[in-house]
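Peer 1: Below: one structure in structure tokens.
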Amino acid sequence: MLPVTFEQFVHALHDARALPDAPEAHGTLAGALCVSSTYRLRDWLIEILPDKLPDADAPATLREVYQATVQALGSALSGFDLLLPGDEVALGDRTAALGLWCQGFLYGLGSGPMPDPGSVSPQAQEIVADFSQITQVAVDDSEDAETNEAAFAEVVEFVRVAAQLLFIELAAERRDPQLEPHATMH
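What follows is the structure in structure tokens.
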């Protein structure tokens, strides 16, 4: 579970004059962490705050989001969550936010070192394709509200679990070169 609410995250990003919306910023972080063991807080801040670093309050909130996301992705027990608006927000807006989260995730995934296509499972390739489709998602007005809410909850759960699966699968691809044993020449 994340230590800040969606509203606190939105406020921190707004105060820092971040370029992406909150869901996209969090998705970018999660995607980048999947492909790079060296993606640090500063890298994320530079990515989402290219014009200036945030004021004194924003870094603490953003640091909390960064640290909680790193811990949650790395541990199946900690409960990775997507930073999305709550149920009090209209379903259409929550659906758009989920699309932005997936867009950010794909951006983050593409910003790191790309794994060898032969080393990525068909399941991982399908997840990436599904995320791409989710960026285009919209509410089906022909369905009743309860059906749409249930469908939205299923898609959010799929995205949450799929992001964790990609993190696990890409673990070998994101080994930290600084932690690798150094070859010595004799």
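Using my numbering, read the sequence shown as starting at 377 and increasing by one per residue.
We put the CB at the ideal spot given by N, CA and C, even for glycine.
In angstroms with no decimal places, state the Cα-to-Cα distance between L542 and S497.
Peer 2: Residue mapping note: residue 542 aligns to position 166 of the sequence shown, counting from 1. Residue mapping note: residue 497 aligns to position 121 of the sequence shown, counting from 1. About 10 Å.
Peer 1: Starting from the C-beta of L476, find all residues in its chain whose C-beta is less than 6 Å away, skip the five residues before and the five after it, and write them out in chain order.
Peer 2: The residue given as residue 476 occupies position 100 in the sequence shown. Once the five neighbours on either side are set aside, the close Cβ partners of L476 are D397, P399 and E400.
Peer 1: Touch check for the region 434-448 and the region 464-475: three-plus C-beta pairs under 8 Å?
Peer 2: no
Peer 1: Going by DSSP, what residue range makes up the alpha helix (DSSP H) through L425?
Peer 2: Within the sequence shown, numbered from 1, the residue matching residue 425 stands at position 49. Taken as a continuous stretch (DSSP letters only), L425 belongs to no alpha helix (DSSP H), as it is neither H nor E.
Peer 1: Can you give me the C-alpha to C-alpha distance between R416 and A406, rounded to a whole angstrom?
Peer 2: Within the sequence shown, numbered from 1, the residue matching residue 416 stands at position 40. Within the sequence shown, numbered from 1, the residue matching residue 406 stands at position 30. Approximately 12 Å between the Cα atoms of the pair.
Peer 1: Using three-state DSSP, classify S413 as helix, strand or coil.
Peer 2: What you label residue 413 is simply residue 37 of the sequence shown in a count that begins at 1. DSSP places S413 in coil when its eight states are reduced to three.
Peer 1: Should D391 be counted as a contact of the ligand MN given a C-beta to heavy atom distance under 7 Å?
Peer 2: Of the ligands one can find in the structure shown there are none, so the ligand MN has no counterpart to examine.
Peer 1: Out of curiosity, what's the CA-to-CA distance linking P491 and C478?
Peer 2: Start at 1 with the first residue of the sequence shown, and residue 491 comes out as number 115. Start at 1 with the first residue of the sequence shown, and residue 478 comes out as number 102. Between P491 and C478, the C-alpha separation is close to 19 Å.
Peer 1: By how many angstroms is the C-alpha of A529 removed from the C-alpha of C410?
Peer 2: Walking along the sequence shown from the start, residue 410 turns up at place 34. Walking along the sequence shown from the start, residue 529 turns up at place 153. A straight line joining the alpha-carbon of C410 with that of A529 spans about 23 Å.
Peer 1: Between A548, I424 and Q540, which has its C-alpha nearest G455's C-alpha?
Peer 2: Translated into positions along the sequence shown, residue 455 becomes position 79. Looking at the Cα atoms, Q540 is the closest of the given residues.
Peer 1: Please report the straight-line C-alpha distance between A505 and T437, rounded to a whole angstrom.
Peer 2: Along the sequence shown, one-based indexing puts residue 505 at 129. Along the sequence shown, one-based indexing puts residue 437 at 61. Cα-Cα distance, rounded: 32 Å.
Peer 1: One question on the structure: do T414 and G484 come within less than 8 Å of each other, judged by their Cβ atoms?
Peer 2: As a working mapping, residue 414 is identified with position 38 in the sequence shown. As a working mapping, residue 484 is identified with position 108 in the sequence shown. No, Cβ-Cβ distance for T414 and G484 is not below 8 Å.
Peer 1: Tell me the DSSP secondary structure of P491 in three-state form.
Peer 2: Reading the sequence shown from its first residue, position 115 is the one you call residue 491. Coil, per DSSP.
Peer 1: Given L546, which residues of its chain have a CB within under 7 Å of its CB, disregarding the five upstream and five downstream residues?
Peer 2: Locating residue 546 in the sequence shown gives position 170, counting from the first residue. Result list for L546: C410, V411 and P491, in chain order.
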